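When we follow my numbering, the leftmost residue of the sequence shown carries the number 27, and every step to the right adds one.
Read through the structure below, which is laid out as structure tokens, and then see the notes.
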Amino acid sequence: ALLALGKSEEAAKEAKTLGDLPSEAGEIDVDVARAYARGTTGSQTRPEQTAEKNLVGVGNNADKSREFAELADQARAAQQAGRTEDAIRFCQSALKLRPDWEEGWANLGMLYFSSSQYAEAIPALETTVGLNPKRSEAWALLGLSEFERKDYQNSLLHLTRAQELGLAGNAAAVRIARYHIAALLNLNGEFEKAMDLLVPEVGPGPAADKIKLALGLALLRIPLLPDQITADNSGLIQSAGESAALLSESRYDQAFPVLQQMLRENPATLYLHYAYGSALASLSRYDEAEAQLREETRINPNTALPYIRMASIALLLHRPKDALPSGERAVALAPQSAEAHYVLGRIMIEMGEAGQAVKELESASKLAPNSPEVHFNLARAYTKAKLLDQAERERAIFTRLNAEAERQKNMRGDQAHVVGSRDRGGLTPPETGVAGPLPE
27 ALLALGKSEE
37 AAKEAKTLGD
47 LPSEAGEIDV
57 DVARAYARGT
67 TGSQTRPEQT
77 AEKNLVGVGN
87 NADKSREFAE
97 LADQARAAQQ
107 AGRTEDAIRF
117 CQSALKLRPD
127 WEEGWANLGM
137 LYFSSSQYAE
147 AIPALETTVG
157 LNPKRSEAWA
167 LLGLSEFERK
177 DYQNSLLHLT
187 RAQELGLAGN
197 AAAVRIARYH
207 IAALLNLNGE
217 FEKAMDLLVP
227 EVGPGPAADK
237 IKLALGLALL
247 RIPLLPDQIT
257 ADNSGLIQSA
267 GESAALLSES
277 RYDQAFPVLQ
287 QMLRENPATL
297 YLHYAYGSAL
307 ASLSRYDEAE
317 AQLREETRIN
327 PNTALPYIRM
337 ASIALLLHRP
347 KDALPSGERA
357 VALAPQSAEA
367 HYVLGRIMIE
377 MGEAGQAVKE
387 LESASKLAPN
397 SPEVHFNLAR
407 AYTKAKLLDQ
417 AERERAIFTR
427 LNAEAERQKN
437 MRGDQAHVVG
447 SRDRGGLTPP
457 ETGVAGPLPE
């Protein structure tokens, strides 16, 4: 899957930027918020332990140190007893005595968050990450609090920072954070990235219904939050989410009837034929897939996605000449799409047009500089064009990026893109023969 290629052409052409995101959205479920808070508390240091550490070097200010230790202990006891407001009050008093008490700010933010006091949680968590920028659970709680306050730009920024550091907490906490990142990516039109986060979370657990709805929105490429779905399209999106969940688990015998029923009832729904065609292609049912993809081009003539998929299928079948019209059309429709330039560059390699291949793949590289596939095939194109120094450079970049993708995958425990990863039921853009030995 070409998830590392960045935004799809739809995001580049149509989706809102984070700064333009809508101002209205549903709230985080209180139970979900509390589940996240419970899921991350295991990594916290007890306030009394931090208090003891912070007593070192206080000098003669014994009374102040004793008062701080007592307040920290009272905050811990109140928190354990479920007396949230008392715990907040004790924490605040202790922090007046020791404003650089990292654990106190972290616990204060957690207490505010778990009691749905999101506006109050934000400054406490901002102070926490200011004291310790590597504290991933604080970044996550900050992002979730900002989500509730409808500050979507900062929410996505801070949740992504938490993910980069490695989401802390138990499986439920990680699931909740990943769902909210994916929901914001959907809202921003980054549907493939959202799908990549959502697919591993399919199944029972916190936010299960919303995860399925978010999958449906991603499948149909609708830039909304699950809470923004209206009654007139809720049934369609629920069915789309159900089919996407089944496809993600390769349960084609159950997914296909759902998709077929959706097509009978909603034949003009944009991206539905594309989704079904992509799923058929993942089972090598290429003739049926092409029929669905061509129908998508008829009802949705301004999207490059079905052309990219058809070109990719032709490449897999070693028919580059058949792929060429679709590849060229994709680039014409989406000149800022890395995927479109990538697939056309691949076609040119297979047709022996090294110069054109270099041109297209260099364009793809500028649009998606962190894609291992692009650098892999650009190395191939340079080799065929006898530009050996450039080929060597691209081989080195590919090796580094692919190793980094593997490292990120292992760190996050998800199914992030690595060269050779499986195309999950057609839910992600197609692999086009990238995996294999490095070009010599």
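Here a beta-carbon is modelled for each residue, glycine too, at the ideal position from N, C-alpha and C.
What you are looking at is a predicted structure, and each value in this text was computed from that prediction instead of being measured.
Would you report the Cα separation of residue i and residue j, rounded to the nearest angstrom?
| i | j | result |
| --- | --- | --- |
| Pro-346 | Glu-376 | 6 angstroms |
| Glu-316 | Asn-396 | 30 angstroms |
| Arg-311 | Glu-321 | 16 angstroms |
| Phe-94 | Ala-113 | 14 angstroms |
| Asp-258 | Gln-264 | 12 angstroms |
| Ser-91 | Ser-140 | 29 angstroms |
| Glu-96 | Lys-160 | 28 angstroms |
| Ala-150 | Asp-89 | 26 angstroms |
| Leu-213 | Ile-339 | 29 angstroms |
| Gly-195 | Gln-280 | 34 angstroms |
| Ala-358 | Ser-352 | 10 angstroms |
| Glu-215 | Ala-98 | For the record, residue 215 in the displayed sequence is Gly; it is not Glu. In a straight line, the C-alpha of Gly-215 is about 45 angstroms away from that of Ala-98. |
| Asn-436 | Phe-217 | 22 angstroms |
| Leu-262 | Pro-332 | 21 angstroms |
| Glu-275 | Gln-189 | 24 angstroms |
| Thr-295 | Ala-266 | 11 angstroms |
| Gly-303 | Arg-335 | 9 angstroms |
| Gly-229 | Pro-361 | 38 angstroms |
| Gly-381 | Arg-406 | 12 angstroms |
| Leu-273 | Ala-233 | 19 angstroms |
| Pro-252 | His-184 | 20 angstroms |
| Ala-103 | Tyr-300 | 56 angstroms |
| Asn-292 | Ala-337 | 26 angstroms |
| Ile-255 | Lys-236 | 11 angstroms |
| Ala-41 | Pro-249 | Confidence in Ala-41 is poor, its pLDDT being 33 and thus under 50, which makes the residue's placement unreliable; the coordinate value appears in the next sentence. Near 7 angstroms, if we compare the C-alpha coordinates of Pro-249 and Ala-41. |
| Thr-323 | Ala-147 | 48 angstroms |
| Tyr-144 | Gln-434 | 30 angstroms |
| Ala-442 | Leu-309 | Unreliable placement is indicated for Ala-442, whose pLDDT of 37 sits below 50; the coordinate value is still reported in the next sentence. Ala-442 and Leu-309: Cα-Cα distance of roughly 21 angstroms. |
| Glu-430 | Ala-220 | 20 angstroms |
| Thr-425 | Asp-177 | 38 angstroms |
| Leu-121 | Leu-168 | 19 angstroms |
| Asp-126 | Glu-432 | 37 angstroms |
| Glu-399 | Ile-202 | 30 angstroms |
| Glu-314 | Gly-108 | 59 angstroms |
| Gln-75 | Arg-277 | Interpretation of Gln-75 is limited by its pLDDT of 48, a score under 50 that renders its predicted location unreliable; no figure is taken from the coordinates. |
| Glu-379 | Glu-388 | 14 angstroms |
| Arg-124 | Gln-118 | 10 angstroms |
| His-344 | Arg-355 | 19 angstroms |
| Ser-162 | Leu-137 | 17 angstroms |
Contact check, residue i vs residue j under 8 angstroms by CB: the rounded distance?
| i | j | result |
| --- | --- | --- |
| Thr-153 | Trp-131 | 5 angstroms |
| Arg-372 | Asn-326 | Between Asn-326 and Arg-372 the Cβ distance is about 24 angstroms, and since that is not below 8 angstroms, they are no contact. |
| Ala-417 | Leu-393 | 20 angstroms between Cβ atoms; not a contact. |
| Trp-165 | Leu-134 | Not a contact, Cβ separation roughly 16 angstroms. |
| Ala-390 | Tyr-368 | 4 angstroms |
| Val-200 | Leu-210 | Not confirmed; about 16 angstroms, so no contact. |
| Phe-116 | Gln-106 | Not really, about 12 angstroms apart at Cβ, beyond 8 angstroms. |
| Val-384 | Ala-411 | 5 angstroms |
| Glu-4 | Asn-87 | Absent from the structure is residue 4, since the part of the chain shown begins at 27 and ends at 466. |
| Gly-231 | Ala-198 | 6 angstroms |
| Ala-366 | Ala-307 | About 17 angstroms; that fails the 8 angstroms criterion. |
| Glu-420 | His-401 | 5 angstroms |
| Ala-270 | Leu-245 | 5 angstroms |
Counting only C-beta atoms, is residue i closer than 7 angstroms to chain B at any point?
| i | result |
| --- | --- |
| Leu-157 | Chain labels in this structure do not include chain B; a single protein chain is all it has. |
Point to revise | 3-residue-minimum beta strand (DSSP E) runs that sit fully inside the stretch 100-168, ordered along the chain | key: none
Practice item. Would you list, in sequence order, the uninterrupted alpha helix (DSSP H) runs of no fewer than 4 residues that lie entirely inside the stretch 355-400? Key: 364-376 and 380-393
Review point. Are at least three pairs of beta-carbons, each pair with one atom in the stretch 193-207 and one in the stretch 166-182, less than 8 angstroms apart?
Key: yes
**Study point:** At least three beta-carbon pairs within less than 8 angstroms, the stretch 277-296 to the stretch 237-245
**Key:** no
Exercise for review: Just list the alpha helix (DSSP H) runs in the stretch 252-337, keeping only unbroken ones of 4 residues or longer that don't cross its boundaries, in chain order.
Suggested key: 257-274, 278-291, 298-308 and 312-325
Review point. Which ranges would you report for the alpha helix (DSSP H) in the stretch 222-248 if only whole runs of at least 4 residues count?
Key: 234-246
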